[in-house]
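Q: Mapping of the sequence shown onto the working numbering: residues 18 to 76, in sequence order. C-beta: ideal position from N, C-alpha, C; glycine also.
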Amino acid sequence: MFNVNVPLGPKDAVLGTCFLIILGLTIFGRWSWWEFVITSLVVGLAYFAGTMKQVKRLE
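1) Secondary structure at Lys-70, three-state DSSP: helix, strand or coil?
2) Per DSSP, what kind of secondary structure is Trp-50 in: helix, strand or coil?
3) Is the beta carbon of Leu-37 sitting closer than 9 angstroms to the one on Tyr-64?
4) Based on Cα-Cα distance, which residue from Phe-19, Thr-68, Arg-74 lies nearest to Asp-29?
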């Protein structure tokens, strides 16, 4: 019906899985809202840091 090409790769799938696990721990493991927020920020920061290009050193 809809022909939409969404460029999602394995890294995006891992990020989505991590957020689903965190959400599950928040709901079923009775984590508080600040544990959810801090963990989500750390996972997001690690994801975006992993996609950054390495800076070439000046020699």
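A: With the structure as the only source:
1) For the purposes of this step, residue 70 is taken as the residue at position 53 of the sequence shown. Three-state DSSP puts Lys-70 in coil, outside helix and strand.
2) Start at 1 with the first residue of the sequence shown, and residue 50 comes out as number 33. Here Trp-50 sits in helix by DSSP.
3) Reading the sequence shown from its first residue, position 20 is the one you call residue 37. Reading the sequence shown from its first residue, position 47 is the one you call residue 64. In this structure, Leu-37 sits away from Tyr-64, with a CB-CB distance that is not shorter than 9 angstroms.
4) The residue given as residue 29 occupies position 12 in the sequence shown. Ranking the options by Cα distance to Asp-29, first place goes to Thr-68.
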